[in-house]
Amino acid sequence: KDALRKRIIATDIDEQAIEAARQNARTAGVEHLIEFDVCDFADTEVPEGAGIIVMNPEYGLRLGDIEPLEKEYKRIGDFFKQRCTGYTGYLFIGNKDLSAKVGLKASRRMVFYNGNIECRLLKYELYKGTKQPRQ
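Quick note on our numbering: the sequence shown kicks off at 2 and runs consecutively.
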């Protein structure tokens, strides 16, 4: 039950994407459970404590130019490290080469397909400092 009391925050820099997400949530009957905000992910309020953060960044297939996305994926890694301590982070990616730019080691990789695009859901345990092996 505690998990159901957590906040669900949906953000995107594209107002149309947020409106589409809001409409989908309304159709599913869960709009009242979600806070929607148009902003850069790095400006998202991250509540204190533990939680789960899921991101679905651009794959680079439609943009065609990977270089700006390399910087964006590094920003995601920095956001995870600096703002999401105590959380479990998930990245849904469609370009496995970009995952290295995050700068974090995924604890789990799950293969999915988004239409005909091979994608991965990467799981990151977000903690302060360096994870030390148990002795």
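A virtual CB, placed ideally from N, CA and C, is assigned to each residue, including glycine. All of these numbers come straight from a predicted model, not from anything done at the bench.
Alpha carbon to alpha carbon, how far is residue i from residue j?
| i | j | result |
| --- | --- | --- |
| Y88 | A21 | 27 Å |
| A29 | K7 | 19 Å |
| A11 | F37 | 5 Å |
| I67 | Q83 | 24 Å |
| Y128 | R109 | 16 Å |
| F81 | E73 | 12 Å |
| V103 | R76 | 7 Å |
| V47 | I54 | 9 Å |
| E119 | A51 | 30 Å |
| M111 | C85 | 21 Å |
Is the shortest distance between the beta-carbon of residue i and the beta-carbons of chain C less than 7 Å?
| i | result |
| --- | --- |
| L99 | Protein chain content of the structure displayed is limited to a single chain, and chain C is not contained in it. |
Span of the beta strand (DSSP E) holding residue i?
| i | result |
| --- | --- |
| D98 | That residue, D98, is in no beta strand (DSSP E); its alpha helix (DSSP H) goes 97-100. |
| R121 | 118-126 |
| R109 | 109-115 |
Would residue i and residue j qualify as a contact pair, given that the criterion is a beta-carbon distance under 7 Å?
| i | j | result |
| --- | --- | --- |
| L70 | S100 | no |
| N57 | F113 | no |
| I14 | D41 | yes |
| L105 | Y125 | yes |
| A26 | I35 | yes |
So, under 8 Å CB-CB, residue i and residue j are touching, yes? Tell me the CB distance rounded to an integer number of Å.
| i | j | result |
| --- | --- | --- |
| Y137 | N96 | The shown model of the chain, from 2 to 136, leaves out residue 137, and the question about it has no answer. |
What alpha helix (DSSP H) runs, 4 residues minimum, are completely inside the stretch 38-93?
Segments of the alpha helix (DSSP H) lying fully in the stretch 38-93: 68-84.
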